[in-house]
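Chemist: The opening position of the sequence shown corresponds to residue 1 in UniProt numbering, with each subsequent residue numbered one higher.
All C-beta atoms, glycine included, are put in the ideal place defined by N, C-alpha and C.
The structure follows.
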Amino acid sequence: MTLTVLSPVSGEVVPLSEVPDPVFAQAMVGPGIAVQPERTAGDAVSPVDGTVVTLHPHAFVVATESGAAVLVHLGIDTVKLKGEGFTLHVVKGETVRAGQPVIGWNPAEIEQGGRSPICPVIALDASAESLVDVHEPGPVKAGEALLTWQR
1 MTLTVLSPVS
11 GEVVPLSEVP
21 DPVFAQAMVG
31 PGIAVQPERT
41 AGDAVSPVDG
51 TVVTLHPHAF
61 VVATESGAAV
71 LVHLGIDTVK
81 LKGEGFTLHV
91 VKGETVRAGQ
101 PVIGWNPAEI
111 EQGGRSPICP
121 VIALDASAES
131 LVDVHEPGPV
141 KAGEALLTWQ
151 R
C-alpha cells in the first residue's frame, strides 16, 4: 500500500537533520521530513485521511484505516507554551480528511518567543527505506504532497 502524506503547513521543506532537536533530527521518533513554516498565522492541516489519535495544542497524530500514523509537531519546545497561541479545530477521536484544518497557530509568534517554529512530519513505525518520493528541499504549500510512504 502506498500512502501520500501532505504538508501540514506552507513553507520550505528541509531535511529532518535540520530540526534543532536531536530526537527529531536523528529520527529517533521515526523517519520523515520537516517544513520551515511561513511566518504567518494559519492552520496546520491533516497530512492524511484518518482518525486523530493523539491531540495536543502543539502536536497531533493522525492514524489511517490501514494503521499508518503520521505525527505533526508544531515547533520545537512548544509543549512548554501549555497551549497558549494554539487553537484546536478538532477533538481526539475525530475522523479527518487530508487537508482539513486541525490546529490554528502563528509561527511568527513562536519564533518571537525564542522557539523554532519548524514542523517535523514523522511517519511513525516506519523504516527510512519505506519513505519514497520525499519532497526536495524548497517551497511547499499546505496540502501538497510531502512524501510517499510505501507500506
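1) Go to VAL121, then tell me how far its beta strand (DSSP E) extends in each direction, as first and last residue.
2) Mind listing, in chain order, the continuous alpha helix (DSSP H) runs of no fewer than 4 residues lying wholly within the UniProt domain "PTS EIIA type-1" (21-125)?
3) Mind checking PRO117: buried by the 16 CB within 10 Å criterion, or exposed?
4) What is the DSSP secondary structure of GLU144, reduced to helix, strand or coil?
5) Using only alpha-carbon positions, find the residue among ALA25, LEU6, THR2 that is nearest to ARG97.
6) Could you give the distance in angstroms between the alpha-carbon of ALA44 and the alpha-carbon of ALA126?
7) Could you pull out every residue in the same chain whose Cβ sits closer than 8 Å to the Cβ of residue 155, ignoring the five residues on either side in sequence?
8) Is GLU12 helix, strand or coil when you go by DSSP?
9) Identify, in the order they occur along the chain, each residue of the same chain with its Cβ nearer than 6 Å to the Cβ of GLU144, setting aside the five sequence neighbours on each side.
10) How close, in whole Å, do the beta carbons of GLY32 and PRO120 come, if the pair is a contact with beta carbons under 8 Å?
11) Between the segment 55-67 and the segment 23-37, do at least 3 Cβ pairs fall closer than 8 Å?
12) Do you know how far the Cα of ASP21 is from the Cα of GLY113?
13) Relative to the ligand NAD, is the shortest distance from any of its heavy atoms to the C-beta of THR148 smaller than 6 Å?
14) Below 7 Å between beta carbons: does that hold for MET28 and ARG151?
Modeler: So, to answer that:
1) 119-124
2) 22-25, 107-112
3) buried
4) coil
5) LEU6
6) 22 Å
7) The shown model of the chain, from 1 to 151, leaves out residue 155, and the question about it has no answer.
8) strand
9) SER7
10) 6 Å
11) no
12) 17 Å
13) No copy of the ligand NAD occurs in the structure displayed, which carries no ligand at all.
14) no
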